[in-house]
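A.B. asks: Quick one: structure below, then a few questions.
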Amino acid sequence: MSPEPHATTPVATPGKPPGQRGEDVIHNIGYRNYDGPRLGRGYARTSLFEQSLRGAYGLGRSAKSKVLPMLLFAVMCVPAAIVVAVTVFTKAKEMPVHYNEYVILMQPVIGVYIAAMAPQAVSLDLRFRVVPLYFSRPIERGDYVGAKYAALSAAIFVFTATSVLILYVGALLAKLDFGDETKGFALGLVCCLVFSVLHGGIALTVAAATPRRGFGVAAIIAVLTIPYMLVSALQGIVASQDNTSAIGWLGLASPGSLVDGLQSKLLGGDNAFPRGEDLTAAQTSAYALLTVVLIAGTYALLLRRYRKAGL
Amino acid sequence: MIAIESLTKRYPRVTALDRLTVGITPGVTGLVGANGAGKSTLIKILLGLAPATEGGATVLGLDVAREGSAIRERVGYMPEHDCLPPDVSATEFVVHMARMSGLPFTSARERTADTLRHVGLYEERYRPMGGYSTGMKQRVKLAQALVHDPKLVLLDEPTNGLDPVGRDEMLALIRRVHTDFGISVLVTSHLLGELERTCDHVVVIDGGKLLRASSTADFTKSTPSLAVEVTDTDAHPDGTEALRSALAAAGLSVQAPGTAGAPGAGHLLMVDATDESAYDTVRDTVIELGLGLVRMEQHRHRIAEVFQAGDESGASGTDPALAPAAGAGAAAAPASAADLALQPQKGGGDVA
Chain V
1 MSPEPHATTP
11 VATPGKPPGQ
21 RGEDVIHNIG
31 YRNYDGPRLG
41 RGYARTSLFE
51 QSLRGAYGLG
61 RSAKSKVLPM
71 LLFAVMCVPA
81 AIVVAVTVFT
91 KAKEMPVHYN
101 EYVILMQPVI
111 GVYIAAMAPQ
121 AVSLDLRFRV
131 VPLYFSRPIE
141 RGDYVGAKYA
151 ALSAAIFVFT
161 ATSVLILYVG
171 ALLAKLDFGD
181 ETKGFALGLV
191 CCLVFSVLHG
201 GIALTVAAAT
211 PRRGFGVAAI
221 IAVLTIPYML
231 VSALQGIVAS
241 QDNTSAIGWL
251 GLASPGSLVD
261 GLQSKLLGGD
271 NAFPRGEDLT
281 AAQTSAYALL
291 TVVLIAGTYA
301 LLLRRYRKAG
311 L
Chain E
312 MIAIESLTKR
322 YPRVTALDRL
332 TVGITPGVTG
342 LVGANGAGKS
352 TLIKILLGLA
362 PATEGGATVL
372 GLDVAREGSA
382 IRERVGYMPE
392 HDCLPPDVSA
402 TEFVVHMARM
412 SGLPFTSARE
422 RTADTLRHVG
432 LYEERYRPMG
442 GYSTGMKQRV
452 KLAQALVHDP
462 KLVLLDEPTN
472 GLDPVGRDEM
482 LALIRRVHTD
492 FGISVLVTSH
502 LLGELERTCD
512 HVVVIDGGKL
522 LRASSTADFT
532 KSTPSLAVEV
542 TDTDAHPDGT
552 EALRSALAAA
562 GLSVQAPGTA
572 GAPGAGHLLM
582 VDATDESAYD
592 TVRDTVIELG
602 LGLVRMEQHR
612 HRIAEVFQAG
622 DESGASGTDP
632 ALAPAAGAGA
642 AAAPASAADL
652 ALQPQKGGGD
662 VA
């Protein structure tokens, strides 16, 4: 299996001086065999991750594809910058918006971003049937799904964590307490991470269900916002009935409120639930359990989705 | 290259492959079968993407069941269907696919430029692929299968959707993949005529079973025969019969092909042209008898006849799609034998 040279047209071989009849000869170098390194599955997986992550910001794609993600990215960061400016100039004792709270507040913007980018990550491959080309290469189903999942989660993480970083830098500029802010920032990053992985999984699963990009966008917006609005409305009603424990339980029903409840209890933030009550211990374990189940479940569903997609 | 050993693949309702045993040697091998004959299933199994129900196979000495990943690193695959995203350029796409095969970025870029040039894509490779013609798309699909310099490529219906010129170019390209690039090729098609021109070996499967596997030469080598058609004259009211007895007397073996099917088949004589002198004998005999020679064409046995073997219609190659004319086309009008002789291209319509 050693690669044999198969160049048909003899080239300026090392033995002979090239271009005997003149130096300006264009040589047809024929076919060259490749005997360099083949880096295998791990490398292919990383490359796919990198390509998908760049694609989520329109990098390496047409100029048109860059508009929406960059615009949304700006929309996400500008308010954080304003908050910072206000804090610095008013010399406030603490930030008007907490790190976690900012992420939860900006959910609609993040939702639009996720809805736009998740179908881009998977629907195009399905619609134009590129998937078989991946699976005819060393990578396996799990590599493809894992790379896509990780890439979308990382894209959402970058999207959310950047504004959190802006807030943190601003807090330091405003000379707020370094220890407190660093702790809040670290917890904020963890909150972003949980948010990204959970939402990435849900969005990818929805997007992979349809090769039609438009359907995917609409479906993801629906899945992310409708339950959240319903939960908020129901929580409002329940709150007016003074049923505080029901508020917590209701929060399980949408991904947004799930992250909100989780961060308020475990990551030292305040939740946006009516009355702002903390979760009970039972509720906290239910929240954590559901988050883990959702993440693992969406991954398993994605694996299943691609079982038939190869070739 | 590939060794397939009593390979069976059953789906809940159909048996796609039924105890298929065949070996495939380096070179260009055609895999022929009607739709649903099991070609795609076989490719899937060879890439290690579907488990065989029974039996097994090795590709490049690697077992398909256990070493699928290693096989796919050294094998290229060109699917039958469209597989190109429209919003990226051929270069970007092929670079990405090269990296998916494990090539480092700089090598991927070099190999992409080389490969696209070899398949015949030049300036247009920087444009989004959505605007490409079918022929260009097929070239990109071939390029992505070759970019990692595999030892073997599996091409699934590479000429699908191409016009005759594009078809010829693609077939020539496939031939070059082996002769110039040194990459073995397994190409599927349902058009036998194509494979006849391109392949060293042909494997015919039908209903998941092996129908025949041999070299293309074996398929077509059996003595080339001459199809001869003559007119009747007053002296010889049945010119065909007269020629037949005269040729038989001259020591040539002559068959009247079956009458079924082809128009004018009743007036055709199939003469076994064992050597070059047979052409002269036929010409001289026709002149002696004073008959008009309507046509005299080389008639190689075609792969299509594999399917017809057993049918009583011995007149093969009636389907133009399956059988490209091996010799000259039929002359439209009677022409004198001397005119025609062995320059069949002159015997065309210009005489009439």
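Here the protein sequences line up with chains V and E, keeping their order.
Just so you know, we're using our numbering here: the first sequence kicks off at 1 and counts up by one.
Just so you know, we're using our numbering here: the second sequence kicks off at 312 and counts up by one.
We put the beta carbon where it would ideally sit given N, CA and C, even for glycine.
Since the structure is predicted, the reported quantities are computational estimates derived from the model, not experimental observations.
1) Name, going along the chain, the residues of the region 42–66 of chain V whose beta-carbon falls closer than 8 Å to a beta-carbon of chain E.
2) Who does Pro439/E pair with in a DSSP beta bridge?
3) With a threshold of 7 Å between beta carbons, is Cys510/E in contact with chain V?
4) Could you check whether the Cβ of Gly142/V sits closer than 7 Å to any Cβ belonging to chain E?
5) Would DSSP call His512/E helix, strand or coil?
6) How long is the line joining the alpha carbons of Thr417/E and Val488/E, rounded to whole angstroms?
7) For the alpha helix (DSSP H) that Glu181/V lies in, which residues bound it at each end?
8) Give the single residue among Tyr388/E, Leu358/E, Gly367/E, Val399/E whose Cα lies nearest to the Cα of Gly58/V.
9) Please classify Met229/V as buried or exposed, where buried requires at least 16 neighbouring CB atoms within 10 angstroms.
10) Is there at least one Cβ from chain V nearer than 7 Å to Asp543/E's Cβ?
11) If the cut is a Cβ gap below 7 Å, which residues of chain E does Gly30/V touch?
12) Flag this pair as yes or no: are the beta carbons of Thr319/E and Gly366/E separated by less than 7 Å?
13) Excluding five sequence neighbours on each side, which residues of the same chain lie with their C-beta closer than 7 Å to the C-beta of Gly276/V?
14) Give me the residue from Pro323/E, Arg383/E, Leu563/E, Ala345/E with the minimum Cα distance to Gly518/E.
15) Apart from the five residues just before and just after Ala557/E, which ones in its own chain have a Cβ nearer than 8 Å to its Cβ?
16) With Ala208/V and Val122/V assumed to form a contact (beta carbons below 8 Å), what rounded beta-carbon distance in angstroms separates them?
17) Looking only at C-alpha atoms, which of Arg213/V, Met106/V, Ala222/V, Phe273/V sits nearest to Ala239/V?
18) Examine the ligand FAD and report whether any of its heavy atoms sits within less than 6 Å of the Cβ of Leu187/V.
19) Do you know how far the Cα of Asp374/E is from the Cα of Met389/E?
20) Compare the Cα-Cα distances from Leu267/V to each of Phe89/V, Ile104/V, Gly42/V and report the closest residue.
21) Does any residue of chain V have a CB that is nearer than 7 Å to the CB of Met481/E?
22) Please list, in chain order, all residues of the same chain as Asp143/V whose beta carbon is under 8 Å from its beta carbon, the five residues on each side excluded.
23) What does Leu68/V reach in chain E if we use C-beta pairs closer than 7 Å?
24) Quick one: which residues of the region 317–339 of chain E get their C-beta closer than 8 Å to a C-beta of chain V? List them in chain order.
25) Name the chain V residues that come within less than 8 Å of Glu403/E, Cβ to Cβ?
26) Which of the three DSSP states, helix, strand or coil, is assigned to Gly572/E?
27) Give a yes or no on whether the C-beta atoms belonging to Leu279/V and Gly236/V are separated by under 7 Å.
28) Smallest Cα separation from Gly477/E: which of Thr445/E, Gln455/E, His501/E, Leu331/E?
29) Could you check the C-alpha separation between Ala546/E and Leu604/E for me, to the nearest Å?
30) Spatial neighbours of Thr205/V within its chain, please: C-beta separation below 7 Å, excluding the five flanking residues on both sides.
31) Output yes if chain V places a C-beta closer than 7 Å to the C-beta of Glu384/E; else output no.
32) Ignoring anything shorter than 3 residues or poking outside the region 357–413 of chain E, list the beta strand (DSSP E) runs there in chain order.
33) Under 7 Å Cβ to Cβ from Val217/V, same chain only, skipping five residues before and after it: list those, please.
34) List the residues of chain V whose Cβ lies closer than 7 Å to the Cβ of Thr388/E, in chain order.
35) At the level of alpha carbons, what is the spacing between Met95/V and Thr87/V?
C.D. replies: Judging by the given coordinates:
1) Answer in chain order: Tyr43, Ala44, Ser47, Leu48, Gln51, Gly60, Arg61, Ser62, Ser65.
2) Ser400/E
3) No, Cys510/E lies away from the interface with chain V (no Cβ there is under 7 Å from its Cβ).
4) So, not an interface residue.
5) strand
6) 23 Å
7) 178–209
8) Ranking Tyr388/E, Leu358/E, Gly367/E, Val399/E by Cα distance to Gly58/V puts Val399/E first.
9) exposed
10) no
11) Asp491
12) yes
13) Asp270
14) Ala345/E
15) Thr596, Glu599, Leu600
16) 5 Å
17) Phe273/V
18) For the structure depicted, the ligand FAD is absent and the ligand set is empty, with no information on it obtainable.
19) Taking the straight line joining both Cα atoms gives about 21 Å.
20) The shortest C-alpha separation from Leu267/V is found at Ile104/V.
21) Under the Cβ distance rule, Met481/E does not count among the residues neighbouring chain V, no pair being separated by less than 7 Å.
22) Cβ contact annotation for Asp143/V (same chain, cutoff 8 Å, sequence separation greater than five): Arg41, Ala44, Arg45, Leu48, in chain order.
23) Within 7 Å Cβ-Cβ: nothing; Leu68/V doesn't reach chain E, min ~14 Å.
24) none
25) Gly60
26) Bear in mind that a pLDDT of 44 at Gly572/E, under 50, signals an unreliable position, so the number given afterwards is only what the model happens to contain. Coil, per DSSP.
27) no
28) Here the closest residue by C-alpha is Thr445/E.
29) 15 Å
30) Only Thr298, Leu301, Leu302 meet the Cβ criterion.
31) So, interface residue.
32) For the region 357–413 of chain E, whole beta strand (DSSP E) runs of length 3 or above, ordered along the chain, are 365–370, 386–389.
33) These residues qualify, in order along the chain: Ala115, Ala116, Pro119.
34) One point to set straight first is that residue 388/E is Tyr, not Thr, in the sequence displayed. In chain order: Ser136.
35) 6 Å
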